[in-house]
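Residue numbers for the sequence shown follow our numbering, beginning at 372 and rising by one.
Built from N, CA and C at the ideal position, the CB exists for glycine as well.
In what follows, a single structure is set out as C-alpha coordinates and then discussed.
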Amino acid sequence: EDTTCGTAAATAVADNNNDDIMPPGDSIIFAAARIKVDVDVPRPFSAVPKRVIEKTGDKAMQLSLNYLLRSFLEGLAGDYERWARDSEYRR
(Lines of atoms letter the chains of each structure in order from A and count residues from 1; the text may use other names and numbers.)
(Lines give C-alpha, C1' and ligand atoms only; values in the text may rest on other atoms or scores of the structure.)
Protein backbone atom coordinates (compact mmCIF):
# COMPACT_ATOMS: atom_id res chain seq x y z
CA GLU A 1 0.00 0.00 0.00
CA ASP A 2 1.26 3.51 -0.80
CA THR A 3 1.87 5.65 2.25
CA THR A 4 2.44 9.33 1.66
CA CYS A 5 3.84 11.32 4.52
CA GLY A 6 2.98 14.91 5.08
CA THR A 7 5.67 17.45 4.39
CA ALA A 8 7.93 18.04 7.35
CA ALA A 9 9.83 21.29 7.77
CA ALA A 10 12.61 22.61 9.93
CA THR A 11 14.08 26.09 10.03
CA ALA A 12 17.74 26.86 9.55
CA VAL A 13 19.56 30.11 10.17
CA ALA A 14 20.72 31.67 6.89
CA ASP A 15 20.40 34.88 4.96
CA ASN A 16 17.52 34.81 2.51
CA ASN A 17 16.83 37.28 -0.30
CA ASN A 18 13.13 36.32 -0.51
CA ASP A 19 11.95 38.98 1.95
CA ASP A 20 8.42 38.85 0.56
CA ILE A 21 8.12 35.15 1.44
CA MET A 22 9.82 35.07 4.83
CA PRO A 23 11.80 37.47 7.01
CA PRO A 24 15.56 37.85 6.39
CA GLY A 25 17.62 35.35 8.36
CA ASP A 26 15.07 32.52 8.09
CA SER A 27 15.05 29.59 5.70
CA ILE A 28 12.91 26.51 5.49
CA ILE A 29 13.95 23.01 4.53
CA PHE A 30 11.13 20.88 3.11
CA ALA A 31 11.08 17.13 2.63
CA ALA A 32 8.43 14.71 1.47
CA ALA A 33 8.56 10.94 1.14
CA ARG A 34 6.47 8.24 -0.43
CA ILE A 35 6.84 4.56 0.44
CA LYS A 36 5.27 1.52 -1.13
CA VAL A 37 5.15 -1.56 1.08
CA ASP A 38 3.82 -4.99 0.17
CA VAL A 39 3.28 -7.48 2.99
CA ASP A 40 2.20 -11.10 3.07
CA VAL A 41 -0.25 -11.35 5.96
CA PRO A 42 0.56 -14.28 8.29
CA ARG A 43 -2.12 -16.89 8.96
CA PRO A 44 -3.52 -15.65 12.28
CA PHE A 45 -4.22 -12.23 10.75
CA SER A 46 -5.65 -13.49 7.46
CA ALA A 47 -9.10 -13.49 9.09
CA VAL A 48 -8.86 -9.71 9.60
CA PRO A 49 -10.23 -7.73 6.64
CA LYS A 50 -7.43 -6.60 4.33
CA ARG A 51 -8.57 -2.98 4.45
CA VAL A 52 -8.25 -2.90 8.26
CA ILE A 53 -4.70 -4.26 8.06
CA GLU A 54 -3.82 -1.76 5.31
CA LYS A 55 -5.20 1.23 7.22
CA THR A 56 -3.37 0.20 10.40
CA GLY A 57 -0.11 -0.34 8.52
CA ASP A 58 -0.49 2.94 6.62
CA LYS A 59 -0.92 4.88 9.85
CA ALA A 60 2.05 3.17 11.52
CA MET A 61 4.27 3.88 8.49
CA GLN A 62 3.08 7.50 8.31
CA LEU A 63 3.82 8.14 11.98
CA SER A 64 7.25 6.49 11.73
CA LEU A 65 8.24 8.31 8.55
CA ASN A 66 7.06 11.67 9.88
CA TYR A 67 9.20 11.14 12.99
CA LEU A 68 12.24 10.16 10.91
CA LEU A 69 11.82 13.09 8.53
CA ARG A 70 11.41 15.57 11.37
CA SER A 71 14.50 14.23 13.15
CA PHE A 72 16.55 14.25 9.95
CA LEU A 73 15.52 17.81 9.07
CA GLU A 74 16.21 19.12 12.56
CA GLY A 75 19.69 17.57 12.41
CA LEU A 76 20.27 18.95 8.93
CA ALA A 77 19.15 22.43 10.02
CA GLY A 78 21.50 22.33 13.02
CA ASP A 79 24.37 21.14 10.86
CA TYR A 80 23.70 23.88 8.31
CA GLU A 81 23.51 26.52 11.05
CA ARG A 82 26.92 25.44 12.34
CA TRP A 83 28.32 25.31 8.80
CA ALA A 84 27.00 28.82 8.06
CA ARG A 85 28.53 30.31 11.22
CA ASP A 86 31.78 28.36 11.68
CA SER A 87 34.44 28.68 8.97
CA GLU A 88 36.50 25.91 10.61
CA TYR A 89 33.53 23.53 10.32
CA ARG A 90 33.28 24.22 6.57
CA ARG A 91 36.83 22.93 5.97
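Please determine if the segment 438-450 and the segment 418-426 are in contact, where contact requires at least 3 C-beta pairs separated by less than 8 angstroms.
Cβ pair count under 8 angstroms is below three, so no.
In chain order, what are the residue ranges of uninterrupted beta strand (DSSP E) at least 3 long that sit wholly in the segment 397-442?
Taking only runs of at least 3 residues, the beta strand (DSSP E) segments lying wholly in the segment 397-442 are 397-402 and 405-407.
If you measure between the beta carbons of residue 444 and residue 400, is that distance less than 8 angstroms?
Position 73 of the sequence shown, counted from the start, is the residue given in the question as residue 444. Position 29 of the sequence shown, counted from the start, is the residue given in the question as residue 400. Yes, the Cβ-Cβ distance between residue 444 and residue 400 is below 8 angstroms.
Would you please state the rounded distance, in angstroms, between the beta carbons of residue 410 and residue 432? I believe it to be under 8 angstroms.
Locating residue 410 in the sequence shown gives position 39, counting from the first residue. Locating residue 432 in the sequence shown gives position 61, counting from the first residue. Contact flag wrong, Cβ pair sits at about 11 angstroms.
Measure the C-alpha to C-alpha separation of residue 417 and residue 429 and round it to an integer number of angstroms.
For the purposes of this step, residue 417 is identified with residue 46 of the sequence shown, where counting begins at 1. For the purposes of this step, residue 429 is identified with residue 58 of the sequence shown, where counting begins at 1. Taking the straight line joining both Cα atoms gives about 17 angstroms.
How many Å lie between residue 421 and residue 438 at the Cα?
Your numbering for residue 421 matches position 50 in the sequence shown. Your numbering for residue 438 matches position 67 in the sequence shown. Looking at the two C-alpha atoms, the distance is approximately 26 angstroms.
Can the beta-carbon of residue 461 be found closer than 8 angstroms to that of residue 454?
Counted from its first residue, the sequence shown places residue 461 at position 90. Counted from its first residue, the sequence shown places residue 454 at position 83. Yes, they are a contact pair.
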